[in-house]
Amino acid sequence: MDTAYIGKSRKRVDGVKKVTGTATYVGEFKPNGLVHGYVVNSTIANGKIVAIHTNKAKLIEGVLEIFTHENLPEDLVHNVDYTDPLSPPGHPFRPLYNDNILYNGQPIALVVAESFELARYAAGLVEVEYQVEECSTDIMKNRDSATSEGVEDTAPNRGNPELAFTNAEVKIDVEYSQPRHYHNPMEPHVSIAEWDVHNKSFKIYDKVQGVNSSQKYICGIFNLNSEKVQILSPFVGGGFGSGLRPQYQLFLAAMAARELHRPVKVSLTRKQMFSFGHRPACIQNIQLGASKKGKLESIIHKAYGETSKFEKYNETIVDWSGMMYRCDHVKLEYELIPVNVYTPMDMRAPGGATGMFALECAMDELAVKANIDPLEFRLINYANKDQNEDKPYSSKELKECYRQAAEHFGWLQRQTKTIEKKDDSVLVGYGMATGCWEAMQQKSSAKAVLDSSGKLVVSSSTADIGTGTYTVMSQIAAETLGVSMMDVQFDLGDTSMPKAPIEGGSWTVSSVGSAVKAVCIKIKEQLVDLAKVSSNENLDEVSYDEVSCADGELVLPNGKSINIKKILKKAALDKIEAENTLEPEERQEQYSCYAHSCVMVEVNVDKDLGMITVPRVTSAIAGGRIINPKTAESQILGAITWGIGMALEEEGMIDDRNGRIMNANLAEYHMAVHADVQQLDVLFVEEHDDIVNPLGAKGLGEIGIVGVASAIANAVYDATGKRVRNLPITLDKILV
301 MDTAYIGKSR KRVDGVKKVT GTATYVGEFK PNGLVHGYVV NSTIANGKIV AIHTNKAKLI
361 EGVLEIFTHE NLPEDLVHNV DYTDPLSPPG HPFRPLYNDN ILYNGQPIAL VVAESFELAR
421 YAAGLVEVEY QVEECSTDIM KNRDSATSEG VEDTAPNRGN PELAFTNAEV KIDVEYSQPR
481 HYHNPMEPHV SIAEWDVHNK SFKIYDKVQG VNSSQKYICG IFNLNSEKVQ ILSPFVGGGF
541 GSGLRPQYQL FLAAMAAREL HRPVKVSLTR KQMFSFGHRP ACIQNIQLGA SKKGKLESII
601 HKAYGETSKF EKYNETIVDW SGMMYRCDHV KLEYELIPVN VYTPMDMRAP GGATGMFALE
661 CAMDELAVKA NIDPLEFRLI NYANKDQNED KPYSSKELKE CYRQAAEHFG WLQRQTKTIE
721 KKDDSVLVGY GMATGCWEAM QQKSSAKAVL DSSGKLVVSS STADIGTGTY TVMSQIAAET
781 LGVSMMDVQF DLGDTSMPKA PIEGGSWTVS SVGSAVKAVC IKIKEQLVDL AKVSSNENLD
841 EVSYDEVSCA DGELVLPNGK SINIKKILKK AALDKIEAEN TLEPEERQEQ YSCYAHSCVM
901 VEVNVDKDLG MITVPRVTSA IAGGRIINPK TAESQILGAI TWGIGMALEE EGMIDDRNGR
961 IMNANLAEYH MAVHADVQQL DVLFVEEHDD IVNPLGAKGL GEIGIVGVAS AIANAVYDAT
1021 GKRVRNLPIT LDKILV
């Protein structure tokens, strides 16, 4: 039995359940007496509700209640806390709180009926009268209202960037912009709430990326202790950040369940999935100056991000420009533009995908202007330390990413490459970009139970949003205790389990995985203690660290081994268990911890039609220790695909007259599909890091998308000679 699992490709342990339909997602639970809620959304972006007429809907047989601001329970209005762990500065949105309309799509009523279809039909009979006030959703039109109020500090400025820019021999002064992007996971958001009248407690199934987040939210609103609120989320059909904060259907389901004493299910439609959160639209101004030899002399980067009128959503957009490349003169600014939209949300690589798009395009522009190869230009300005914080990196194999990507892609030979085509109507271009993302570890807890049959059950209240959490945690636990993965069960998605952070930020493996490793080591230590009592071996002088686990046995320093199951049997124990909480080590604060990548792409542009295709992408990733290459590659492939959509297709369109999202569906909100994806090659660069966390893993969820859009934009310029600085790069911008 080989129990060395870390670093090896393994199929998903939950794969069979998912492909056979036996994995139970939140919306599939059916408690007895379940009824359904359907949300009515506002059709204006700013103003007040003058009247809301529900009489026609209430006459429908099977309609149980219609909740609006007029009958919101009194205890939910005063002395309640609607914040959640990720609430930005400001006042969090409160569903049905009053008659004020803050954005188009705001939930203003919940119709509860015996069936979903009945609730939906009755919702269509609800009539609303508004007092409409002027709204504005376009950040371009509202740039004058930009403010630094509520903005988190950017990295400190250094040197004299304005003077250095003035004196630079080669320089650019450009503006980039991108539209709103929407998450659109396969599984829409849904909550099922059950209220226990006798115990005054909730049991709630919620589509969320962290059950503890939803628990805090519900406890704050309903003034309950955490023991009275259980949140469950065993399977999540994608999140990408949309489930980091509790969404309004959770509150509505809980409120209705408590009032009606019936389990209530509230599902959001695909259109309603556009009614909360998004990657914010952004404007970025960048000034770069360099010497003729390509050495960066000045970086000035200012970004304008959108936020709602009621919260100040922040992203780390400009800090990347102060860290990525060596430069002594840097100025970074970030301001917010409040508009009549819902508060933006974190979306895969928040801030990084945005800020690095502008920076990497600007670096390409400056390299071309200096007549230096874009790859060579980046190597000339390679940063060996983080100048923002004046810290060394815990590890950085970016140069090796450059080397391996260039070799695999054929970067140095790219100008001689040709593609098969029937005529001369296709332009070919090549582009590259650097990627970077934080490698963070959060406080996490885990529990492990090992029984006398050798079965190991490990649990933590983390999530699996499709990333492979079930699988990699099983691998970590199995190898740490030296047992077969077949004997390991990993449980998650339940607030009754040890606390874990939300699944986001690419920190789940580094955080929860490290906690799983630590708690399994505690089990090993208990086994060593038991063996010292029951074994014939003299183990009194043997330390825990001298004992390893493999093939279902404790392996002693002298090479002998003791069967784990026999240890428990001799001790007459049915099981042993341990629980542990792990926090980042203090020494991590002395280093900057990041994952890095190099993305190289080829694009084909139709001369006559301006249509762009991406036949090849190579992404070389330095992400620390790779726990499971199979699931890791899947993460990067998905991220690259999204990067293609970000560059060429995704664009949330809002009618500025009324704040309505015009393409709130999957037919008109374009994103990358199978036809857009051709040859995607992922290279994992070996990187050892014993500082970042006990596993040496850096996380891969976000790093794969950073740099893809900019590499494509740079390749489009290489093919056409046109710089398109406002995403997405659609054919009309090429043909102009």
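So the number in the working numbering is just where the residue sits in the sequence shown, counting from 1, plus 300. Backbone N, C-alpha and C define an ideal beta-carbon position, used for all residues, glycine too. Note that the structure is predicted; figures quoted are calculated from it, not measured.
Continuous alpha helix (DSSP H) stretch holding residue i: start and end
{"i": "Asp-664", "result": "652-669"}
{"i": "Trp-942", "result": "929-948"}
{"i": "Asn-512", "result": "511-522"}
{"i": "Glu-700", "result": "698-709"}
{"i": "Leu-552", "result": "548-560"}
{"i": "Ala-357", "result": "355-358"}
Bridge partner(s) assigned by DSSP for residue i
{"i": "Gln-584", "result": "Tyr-476, Ala-603"}
{"i": "Gln-890", "result": "Paired residues: none, contrary to the question."}
{"i": "Gln-530", "result": "Lys-503"}
{"i": "Pro-407", "result": "Asn-341"}
{"i": "Lys-471", "result": "Gly-589"}
{"i": "Val-490", "result": "Ser-567"}
{"i": "Ile-352", "result": "Val-428"}
{"i": "Ser-413", "result": "The amino acid occupying residue 413 in the given sequence is Ala; Ser does not appear at that position. Bridge partners of Ala-413: His-336, Val-363."}
{"i": "Asn-400", "result": "Lys-348"}
Coarse secondary structure for residue i, derived from DSSP in three states
{"i": "Tyr-338", "result": "strand"}
{"i": "Phe-502", "result": "strand"}
{"i": "Pro-331", "result": "coil"}
{"i": "Tyr-625", "result": "strand"}
{"i": "Met-440", "result": "coil"}
{"i": "Met-573", "result": "helix"}
{"i": "Tyr-421", "result": "helix"}
{"i": "Ser-834", "result": "helix"}
{"i": "Gly-952", "result": "strand"}
{"i": "Phe-465", "result": "helix"}
{"i": "Cys-435", "result": "coil"}
{"i": "Trp-495", "result": "strand"}
{"i": "Thr-913", "result": "strand"}
{"i": "Arg-678", "result": "helix"}
{"i": "Asp-906", "result": "strand"}
{"i": "Lys-592", "result": "coil"}
{"i": "Val-319", "result": "helix"}
{"i": "Thr-918", "result": "strand"}
{"i": "Gly-813", "result": "helix"}
{"i": "Ile-864", "result": "helix"}
{"i": "Ala-818", "result": "helix"}
{"i": "Val-899", "result": "strand"}
{"i": "Phe-367", "result": "strand"}
{"i": "Asp-302", "result": "coil"}
{"i": "Tyr-844", "result": "helix"}
{"i": "Val-641", "result": "coil"}
{"i": "Ile-802", "result": "coil"}
{"i": "Arg-648", "result": "coil"}
Start and end residues, beta strand (DSSP E) containing residue i
{"i": "Val-432", "result": "427-432"}
{"i": "Gln-979", "result": "979-984"}
{"i": "Phe-540", "result": "Phe-540 -> no beta strand (DSSP E), and no H or E assigned at all."}
{"i": "Ile-637", "result": "630-638"}
{"i": "Thr-881", "result": "875-882"}
{"i": "Ser-445", "result": "No beta strand (DSSP E) contains Ser-445, which DSSP labels as neither H nor E."}
{"i": "Leu-854", "result": "853-855"}
{"i": "Ser-848", "result": "848-850"}
Closer than 6 Å: residue i CB and nearest the ligand GDP heavy atom
{"i": "Phe-393", "result": "Of ligands this structure carries none, so the ligand GDP is not represented either."}
*Taking 8 Å as the threshold, find out whether the segment 609-627 comes into contact with the segment 382-394 through three or more Cβ pairs.*
yes
*Would you list, in sequence order, the uninterrupted alpha helix (DSSP H) runs of no fewer than 4 residues that lie entirely inside the segment 731-793?*
769-781
*Spell out a yes or no on whether the segment 776-793 and the segment 843-857 are touching, meaning 3 or more CB-CB pairs, one atom from each, closer than 8 Å.*
yes
*Are three or more beta carbon pairs between the segment 971-985 and the segment 500-512 nearer than 8 Å?*
no
*Which runs of the alpha helix (DSSP H), 4 residues or longer, sit entirely within the segment 963-1035?*
1008-1020, 1031-1035
*Quick check: the segment 531-542 against the segment 646-655, are there 3 or more CB pairs under 8 Å?*
yes
*If you pair each beta-carbon of the segment 315-324 with each one of the segment 401-421, do three or more pairs fall below 8 Å?*
no
*Can at least three beta-carbon pairs, one atom from the segment 480-498 and one from the segment 309-317, be found at a separation below 8 Å?*
no
_Three-pair Cβ contact test at 8 Å for the segment 568-575 versus the segment 441-453_ = no
*Taking three-plus beta-carbon pairs below 8 Å as touching, is the segment 512-527 in contact with the segment 679-698?*
no
*Is there contact here, the segment 526-534 with the segment 618-634, by at least three beta-carbon pairs under 8 Å?*
no
*Flag this pair as touching only if the segment 874-883 and the segment 744-761 have three or more C-beta atom pairs under 8 Å; answer yes or no.*
yes
_Can you confirm whether the segment 1015-1025 touches the segment 950-967 when touching is taken to mean that 3 or more C-beta pairs between the two stretches lie within less than 8 Å?_
no
*Just checking, does the segment 911-923 make contact with the segment 693-704 on the three C-beta pairs under 8 Å criterion?*
yes
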